[in-house]
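Asks:
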Amino acid sequence: MWNRKKKQKPKHNDQPLEISDLSIDEIRKAVHAFADHKPNEVPLSVVINQDLTLDYELLAPYLNAIPRKNFYMSRKTYELFEEEDLQLAKDIDTVQQAVDEYMKQTQEVPVIDNDPYKRINYYKLEKLDLLPERPKRDFYMTTEEFMITYKKKK
7 MWNRKKKQKP KHNDQPLEIS DLSIDEIRKA VHAFADHKPN EVPLSVVINQ DLTLDYELLA
67 PYLNAIPRKN FYMSRKTYEL FEEEDLQLAK DIDTVQQAVD EYMKQTQEVP VIDNDPYKRI
127 NYYKLEKLDL LPERPKRDFY MTTEEFMITY KKKK
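With the numbering used here applied, the sequence shown corresponds to residues 7 to 160, in that order.
#1: Report the three-state DSSP secondary structure of T100 (helix, strand or coil).
#2: Throw me the rounded Cβ distance for the L60 and M79 pair, which I believe falls under 8 Å.
#3: Looking at the strands, I want to know which residues DSSP matches up with S26.
#4: In angstroms, rounded to a whole number, what distance separates the CA positions of T112 and L131?
#5: Quick check on F40: does DSSP put it in helix, strand or coil?
#6: So V154 and I126 are supposed to be a Cβ contact under 8 Å. How far apart are they, rounded?
#7: Check whether the stretch 145-159 touches the stretch 99-108, counting contact only when three or more Cβ pairs, one atom from each stretch, lie closer than 8 Å.
#8: Could you tell me how far apart the beta carbons of K159 and Y146 are, in whole angstroms, since I believe they sit closer than 8 Å?
#9: Buried or exposed: which applies to D97, given that a residue is buried once 16 or more other Cβ atoms fall within 10 Å of its Cβ?
#10: Does DSSP classify V117 as helix, strand or coil?
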């Protein structure tokens, strides 16, 4: 009587997946496919483990393999990173969280005054004890909903 219509999901057989050399683009496509098929009330962050690696079991139906090397995803910006960029993924999460908290406390954007690139002002974040450690790279404010990026505008 109360039958629910289930969303179609890619078929996943229970055979062990082979380990394969997957590109970041293949991982990105799998994450997008996962996001398209997940229920609306489930956040995309469920696919991100505590150490910022991806949960390949959840992505298995979309990858059909397990990547040989690890990929990481920022919990704050959902940006995907390769193995060698783990520190960047951690830094972007730390700085984004500090920027969010700074804006909540001051209603201001913590950028360097008169900087055409809108570089994040670490001093402003440190002054409110929001940044445990200063990153070794610069971050910039984007025009998208107060998100930060490590890519300098040209």
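Virtual Cβ for every residue (Gly too), placed ideally from N, Cα, C.
Replies: In brief:
#1: helix
#2: 6 Å
#3: P73
#4: 11 Å
#5: helix
#6: Correcting the residue type first, residue 154 is Ile in the shown sequence and not Val. Confirmed, about 6 Å.
#7: yes
#8: 7 Å
#9: buried
#10: strand
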